[in-house]
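Asks: Letter by letter, the sequence shown follows residues 412 to 873 of this note's numbering.
The C-beta atom is built at its ideal place from N, Cα and C for all residues, glycine as well.
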Amino acid sequence: MTLGSKVDVWWSSEKEPRDRSWFYAPKEIDYRMEARPQLTLSTPDVVECPTITVFPDIAYQEILGIGTSMEESTIHNLLQMSPDKQEEFYTHLLDSNSGVGFNLVRITLGTSDFTARTFYSYNDLEEGETDFLLQRFSIEKDIQFGIVKTLKRMLEISPELLIFASSWSPPAWMKTSGSLKRGQLKEGHEYIEALARYYRKTIQAYQEHGIELYAITVQNEPLLEIDYPSCFMSPERQKELIIALKKELEAYQLNTKIWIFDHNFSEGWMYACPILNATEGRDSSDGIAFHDYEGEPTVMTELKSAYPDQTIHLSERSIWGVAAADRIAQYFRNWASSYNAWVTMLDSTIGEHQWVGTPDPTLMVQNANNRDEYWMTPEFYLSGQFSKFIQRGARRVESNYGWASSVTNVAFMNPDQSLVVVVMNQTEMQQQFRIVCDGKQILSSLPPKTVATYRWMRELSN
Numbered sequence: 412m413t414l415g416s417k418v419d420v421w422w423s424s425e426k427e428p429r430d431r432s433w434f435y436a437p438k439e440i441d442y443r444m445e446a447r448p449q450l451t452l453s454t455p456d457v458v459e460c461p462t463i464t465v466f467p468d469i470a471y472q473e474i475l476g477i478g479t480s481m482e483e484s485t486i487h488n489l490l491q492m493s494p495d496k497q498e499e500f501y502t503h504l505l506d507s508n509s510g511v512g513f514n515l516v517r518i519t520l521g522t523s524d525f526t527a528r529t530f531y532s533y534n535d536l537e538e539g540e541t542d543f544l545l546q547r548f549s550i551e552k553d554i555q556f557g558i559v560k561t562l563k564r565m566l567e568i569s570p571e572l573l574i575f576a577s578s579w580s581p582p583a584w585m586k587t588s589g590s591l592k593r594g595q596l597k598e599g600h601e602y603i604e605a606l607a608r609y610y611r612k613t614i615q616a617y618q619e620h621g622i623e624l625y626a627i628t629v630q631n632e633p634l635l636e637i638d639y640p641s642c643f644m645s646p647e648r649q650k651e652l653i654i655a656l657k658k659e660l661e662a663y664q665l666n667t668k669i670w671i672f673d674h675n676f677s678e679g680w681m682y683a684c685p686i687l688n689a690t691e692g693r694d695s696s697d698g699i700a701f702h703d704y705e706g707e708p709t710v711m712t713e714l715k716s717a718y719p720d721q722t723i724h725l726s727e728r729s730i731w732g733v734a735a736a737d738r739i740a741q742y743f744r745n746w747a748s749s750y751n752a753w754v755t756m757l758d759s760t761i762g763e764h765q766w767v768g769t770p771d772p773t774l775m776v777q778n779a780n781n782r783d784e785y786w787m788t789p790e791f792y793l794s795g796q797f798s799k800f801i802q803r804g805a806r807r808v809e810s811n812y813g814w815a816s817s818v819t820n821v822a823f824m825n826p827d828q829s830l831v832v833v834v835m836n837q838t839e840m841q842q843q844f845r846i847v848c849d850g851k852q853i854l855s856s857l858p859p860k861t862v863a864t865y866r867w868m869r870e871l872s873n
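1. Alpha carbon to alpha carbon, how far is residue 830 from residue 582? Give it in angstroms, no decimals.
2. Exposed or buried, residue 725, counting other C-beta atoms within 10 Å across all chains shown (16 or more means buried)?
3. Indicate whether the contact test is met: 3 or more Cβ pairs, each with one atom in the region 745 to 764 and one in the region 713 to 725, closer than 8 angstroms.
4. Can you find the residues in the same chain that come closer than 6 angstroms, C-beta to C-beta, to residue 870, ignoring five residues on each side of it along the sequence?
5. Out of 449, 709, 769, which one is the CA nearest neighbour of residue 741?
6. Considering only the alpha carbon of each residue, which of 432, 465, 426, 472 lies closest to residue 806?
7. Let's see if you can read the secondary structure: which residues bound the alpha helix (DSSP H) around residue 685?
8. So residue 471 is in the beta strand (DSSP E); what residue range does that whole segment cover?
9. Evaluate contact between the region 690 to 704 and the region 780 to 790, counting only Cβ atoms and requiring at least three cross-stretch pairs below 8 angstroms.
10. Mind checking residue 554: buried by the 16 CB within 10 Å criterion, or exposed?
11. In angstroms with no decimal places, state the Cα-to-Cα distance between residue 589 and residue 538.
12. Can residue 667 and residue 626 be called in contact, C-beta distance under 8 angstroms?
13. Buried or exposed for residue 663, please, with buried defined as at least 16 other CB atoms from any protein chain shown within 10 angstroms of its CB.
14. Going by DSSP, what residues sit across from residue 564 in a beta bridge?
15. Check whether the Cβ atoms of residue 454 and residue 416 sit closer than 8 angstroms, and answer yes or no.
16. Tell me which same chain residues have a C-beta within less than 6 angstroms of the C-beta of residue 481, skipping the five on either side of it?
17. Determine the direct distance from the alpha carbon of residue 644 to that of residue 796, and round the result to whole angstroms.
18. Do the region 764 to 775 and the region 832 to 842 make contact, defined as three or more Cβ pairs closer than 8 angstroms?
19. Residues in its own chain within less than 6 angstroms of residue 428 by CB, not counting five upstream and five downstream?
20. Are the region 756 to 770 and the region 852 to 859 in contact at 8 angstroms, needing three or more beta carbon pairs?
21. Would you kindly work out how many angstroms separate the C-alpha atoms of residue 527 and residue 484, rounded to a whole number?
22. Hey, how far is the Cα of residue 846 from the Cα of residue 635?
23. For residue 611, does the three-state DSSP call read helix, strand or coil?
24. Please report the straight-line C-alpha distance between residue 552 and residue 799, rounded to a whole angstrom.
25. Out of curiosity, what's the CA-to-CA distance linking residue 656 and residue 557?
26. Comparing C-alpha positions only, which one of 661, 549, 580, 687 sits nearest to residue 620?
27. Just reading off the alpha helix (DSSP H) that residue 620 is part of, what are its end residues?
28. Would you kindly check if the distance between the Cβ of residue 812 and the Cβ of residue 820 is under 8 angstroms?
29. How should residue 756 be labelled, buried or exposed, when 16 other C-beta atoms within 10 angstroms of its C-beta is the threshold for buried?
30. Determine the extent of the beta strand (DSSP E) in which residue 546 is found, giving its start and end residues.
31. Sort 598, 683, 789 by Cα distance to residue 437 and report the nearest one.
32. Please work out which residues of its chain come closer than 6 angstroms, Cβ to Cβ, to residue 744, disregarding the five sequence neighbours upstream and downstream, and give them in chain order.
33. By DSSP, does residue 785 sit in helix, in strand, or in coil?
34. Where does the unbroken alpha helix (DSSP H) through residue 751 begin, and where does it stop?
35. In chain order, which continuous runs of the beta strand (DSSP E) of length 3 or greater are located wholly inside the region 412 to 460?
36. With the cut-off set at 8 angstroms, would you say residue 511 and residue 504 are in Cβ contact?
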């Protein structure tokens, strides 16, 4: 970190965003978190260009982390690499010096659609059987498939890494469909209690392997029933479930947080209110998780205003290009304390997964013909423009958002008093602009379709 009046700068650029050709071969990218010549904080003068004004003393939410998912598809591909290449992969993902420094990872509780395996839960029974006491509960498949081993290694490399888990489906015997696909949780409080017990036992089982689950979402996309692990769950039913789960966690002195919802912006109000308007529901919820497939992130600000005791999280969305970096900035500007991309690494056959569509390019792509070869897409570096420089415990601080016709931004102050401003140029032209903060300015310009991160130590005169 350069101290004093110098400003460190890094650039990343987009290239053919969302183009599936990224699955077939690597390509040259103009800027890949490239360190640029330092700039200098200077006395402001009259400059005819857009101005980003930063107010570090006006602080908002605390940042929990930024990261991706380690769903079974990624782990399946990763474990086909040689040990040395696996370690290299971890370094790229977790190291804040030579990698992007991801510090928050989402895992699936049981199977999801992004898996190379037959769909499974931790309590699979023969048709017609029940197991309300969960005597046949086991995470053995997570052990067999290398999920536990992978997470343990990631924690050895990066002990500050936090992990949260999302469930795609309760065990099939608990559901109206009798399957991990589609259906709802069966009526009756005994099923609520059994499912709450199931989640508690999962947290304990992972804990026995040295893996703490920081948070849990009890149902991924609860308004979706589809032909992969899924389960429709009304907000009223989810309220019952989190109340039961909170009692389980307290009874066993577990500190895992509960995040509700875990679905699109567009249904956020409809889903959160019936849970959080009830005192016991609100007392059982620690945060609200969102996906960005429908609706606008402004709903996060609205819900934060209505329920200020709830933290806000963008738990799933992979997006592409500099417009995606701007979308991430909008998440943070709308009170998100965290951001997680979805699916880290598929291979060059776009495998292996069981989603119902064809996925778009992932952060990394593995060569299916040579498992030790892999490459990064531009989105890996664009994500790193945030994760590498924004520390856990940072606060988003006030800045004017800017203009899509020139540059947009989001600003943070880290616990070490460094200021970080991430600036996006979504246009086809080079853009000149300045950042004004604490009576000083940074004059800069940014190439087309490029993201820049500016970092400097705050200096206040006595």
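Replies: Judging by the given coordinates:
1. 47 angstroms
2. buried
3. yes
4. none
5. 709
6. 472
7. 679 to 687
8. 462 to 473
9. no
10. exposed
11. 7 angstroms
12. yes
13. exposed
14. Looking at the DSSP assignment, residue 564 forms no beta bridge with any residue, so it has no partner.
15. no
16. 516, 518
17. 36 angstroms
18. no
19. 731, 732
20. no
21. 6 angstroms
22. 44 angstroms
23. helix
24. 33 angstroms
25. 27 angstroms
26. 549
27. First-last for residue 620: undefined, no H or E at that position.
28. yes
29. buried
30. No beta strand (DSSP E) contains residue 546, which DSSP labels as neither H nor E.
31. 789
32. 821
33. strand
34. Counting along the chain, residue 751 falls outside any alpha helix (DSSP H), though it belongs to the beta strand (DSSP E) covering 747 to 751.
35. 417 to 424, 445 to 451
36. yes
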